[in-house]
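Just below is one structure, and these are the notes that go with it.
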Amino acid sequence: MNRISIIIPTRNRPEQLVDALSKLVSSGVLLSEMEIIVVDDGSDSAVMDRNREICLKFKEKINYIPSAKRGPASARNTGIRAASSNIIFFTGDDILVSPDTLNEHLRFHEKDYCGDEYAMVGAVVWEKSIARNSLHRFLDEAEFQFKKTEGSKNYETDFHNFYSSNLSLKKSFVVKNNIFFDEKFPAAAWEDIEFGYRLEKAGMKIVFNQNAVVEHNHRQELSRLLARMETSGRALRIFLSKWPEVAATYGYESKDGKLVLKKRFIKRAIRNRFTARIVEKILAKKNPDDEMSGLLAFFAKNAFLYHLHKGFDEGI
C-alpha cells in the first residue's frame, strides 16, 4: 500500500530528472511505500523516449505518463487523478529532495495533522554545488524565486507560500471540493499560488515546516531570468483577473474595471526600459563573485520588476 504519491511534471530536462529521481529513491522512505508519477508535459520526441528509458531503468516502479504540451498545471492535474495514495507530494524535475524530507511530510499528515484540510509546505534552498554568487543571493533577498521563510519548525502560513516544489496535501480534500490546478496558466508561474488561494478559500490550512528541505537544482542566468519575469507577469495578470480582491497585495488596483499599477507614475519613473537596460548591462559585466552593492541591488530589483510589469501589460 502506497503511503505517499509523488508527482513530478517534466519537460525537456532529462539530466535534471535523473538527479531528482535518484534523490527521491534514496530519501529514507521505504520504496514499497511510495509511488512516483512522472508526467511528461510534451517533451521533444527524442527527449520523451529518453525520459521513458530513465524511468524504466530505476528498479522502483515509476509511473511515466506522456502527455501533449499543456503546461505544468495540466501535468499536475494528470498526476493527481493518477495518484493511488491520499497523501500527495508535489515537486519538480529540478528539485532534489533532501534526506528525511518525505518523512517530515508523512509525519505531518499521518500523526500531527491528520485532517484532510491540512497542507504542508517546506523550505527551498539552492543546490549546494551551484555557486552562491551575487545573483543568487540577490534572488534570495528580493524573493524573486521563493519567499523567505524563517521561524520555528511548524507555523501556519497562507497561499503566498504555496510553492509546488515542496508541497503536500490530501487528495480527498482536492476531490471533495473539486479544486484542481487552473490549466489556463500556460507556464510554471503563479499556477500553484492561485491553486493554494482557492484551496484556502475552501477551508484548507497551510502549515510551513522548516525541517522539510529541498534543493533547487537550477543554475540561473540573467537573460533567462528576465524572460521568466515577463512570463511571470503574464501569469500574474491571469491570477489577478480571476481574483482582483488580492490585487493590492501585489501592487495593483482595480480602476474602471481595469487592473493598474498602484503609484504607477512614481514606479514607472524608476522601472522603465531605459534604466532596466543600463542595470542589465552593469549586471552582465559584473564579476558574479563580487558582492552587489545596496544601490545596485535596488536598481536591479526595479529592473526585474520592470520586466514583470511589461509581461503583465502584454497579458491584456
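Counting in this note's numbering, the sequence shown runs from -2 upward without gaps.
Don't be surprised by glycine CBs; every beta carbon is placed ideally from N, CA and C.
The model shown is predicted, which means the values in this text are computed figures rather than measured ones.
Proximity winner among the options, relative to residue i (alpha-carbon distances)
i, options, result
"L164", "V118, D286, V276, G193", "V118"
"S238", "M226, L223, L256, R221", "L256"
"L314", "F86, V22, G200, F135", "A query on residue 314 cannot be resolved here, the shown segment of the chain reaching from -2 to 313 and no further."
"Y303", "M226, F236, N284", "M226"
"D37", "L18, V15, I5", "I5"
"K20", "T98, N48, R78, P63", "T98"
"V121", "F159, R67, R104", "F159"
"R216", "E124, R104, L27, K198", "E124"
"D310", "N269, K282, E12", "N269"
"F192", "R73, D90, A297", "R73"
"E30", "I59, D46, D41", "I59"
Neighbourhood of residue i by C-beta distance below 7 Å, restricted to the same chain and skipping five residues each side
i, result
"L258", "G248, Y249, K264, H306"
"V15", "I51"
"K323", "Because residue 323 is not part of the residues shown, which for the chain are -2 to 313, the question remains open."
"S81", "N(-1), S2, E32"
Nonlocal neighbours in the same chain, by C-beta distance under 6 Å from residue i, ignoring five residues either side
i, result
"A186", "T228, S229, A232"
"I267", "N299"
"Y115", "K202"
"Y61", "V35, R49, C52"
"G76", "I4, I34, V36"
Neighbourhood of residue i by C-beta distance below 8 Å, restricted to the same chain and skipping five residues each side
i, result
"K173", "D113"
Per DSSP, cross-strand counterpart(s) of residue i
i, result
"M117", "S165, V204"
"Y249", "L258"
"N9", "Answer by DSSP bridge pairing: none, since N9 is not bridged."
"Y152", "F205"
"V211", "V94, V121"
"F86", "I3, S165"
Burial state of residue i (16 or more Cβ within 10 Å)
i, result
"P96", "exposed"
"F262", "exposed"
"G254", "exposed"
"N214", "buried"
"K167", "buried"
"P285", "exposed"
"I84", "buried"
- Query: For the region 155 to 197, which segments carrying the beta strand (DSSP E) assignment without a break, of at least 3 residues, lie completely within its bounds, in sequence order?
  - Reply: 164 to 167
- Query: Where are the alpha helix (DSSP H) runs, 4 residues long or more, that stay fully inside the region 16 to 83, in chain order?
  - Reply: 42 to 54, 69 to 79
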